[in-house]
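To start, the structure under review is shown below, and the notes come after it.
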Amino acid sequence: MKSVLLFVSLIATPVCAQEGASILDSYGAVSSQHLITAFNANLTPSQRAQLDQAVAKRNAALAQNNAELVSTLRGVLGETDEGLKNRMMSAEEVRRMEAMRRAQPARYLHLMNKKKKQLKKQ
Numbered sequence: 016m017k018s019v020l021l022f023v024s025l026i027a028t029p030v031c032a033q034e035g036a037s038i039l040d041s042y043g044a045v046s047s048q049h050l051i052t053a054f055n056a057n058l059t060p061s062q063r064a065q066l067d068q069a070v071a072k073r074n075a076a077l078a079q080n081n082a083e084l085v086s087t088l089r090g091v092l093g094e095t096d097e098g099l100k101n102r103m104m105s106a107e108e109v110r111r112m113e114a115m116r117r118a119q120p121a122r123y124l125h126l127m128n129k130k131k132k133q134l135k136k137q
């Protein structure tokens, strides 16, 4: 993640973009990894600290968003993964449904909603 952020930073700031062009001229055709390495070499310790803080903050935000997404998805399903497994009959069906959930999430949600409606009727 750090390397992607550094590369985006290189393009996003005009001063660094000019430096990036001069690096390209000096190296010729180089990979983005070479650009990132050259950019990192020119960072001062304070810039490095700021960059590390920004990366840590972004990673924390991503982790929080992932947790919220899991919560939202469980809300859509109406129950936890454990609850789904308990309602299924056999271990074979659990494996089959788990494979379907990964391969065809829309179909899986449709089947789960259909099962919920059947349970409500009973």
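Here my numbering is used: the first residue of the sequence shown is 16, the next is one more, and so on.
Think of the CB as a built atom: it goes at the ideal place given N, C-alpha and C, for glycine as much as any other residue.
Helix, strand or coil at residue i according to DSSP, with G and I counted as helix
i    : result
N57  : coil
Q119 : coil
Q137 : coil
S18  : Here S18 scores only 48 on pLDDT, less than 50, and its place in the model should not be relied on; the value that follows carries that caveat. S18 falls in the helix class under three-state DSSP.
Contacts around residue i, its chain only, beta-carbon distance under 8 Å, and the 5 residues preceding and following it disregarded
i   : result
Q68 : none
V85 : none
K7  : Nothing can be reported for residue 7, as the shown portion of the chain is limited to 16 through 137.
Residue i burial status per 10 Å Cβ neighbour count (16 or more: buried)
i   : result
L58 : exposed
L50 : buried
Cutoff 6 Å; reference residue i; Cβ partners in own chain excluding five residues on either side
i    : result
A121 : none
Residue j beta carbon less than 9 Å from that of residue i
i    : j    : result
S124 : M112 : First, the residue type needs correcting, since residue 124 is Leu and not Ser in the sequence shown. Contact flag unset, no.
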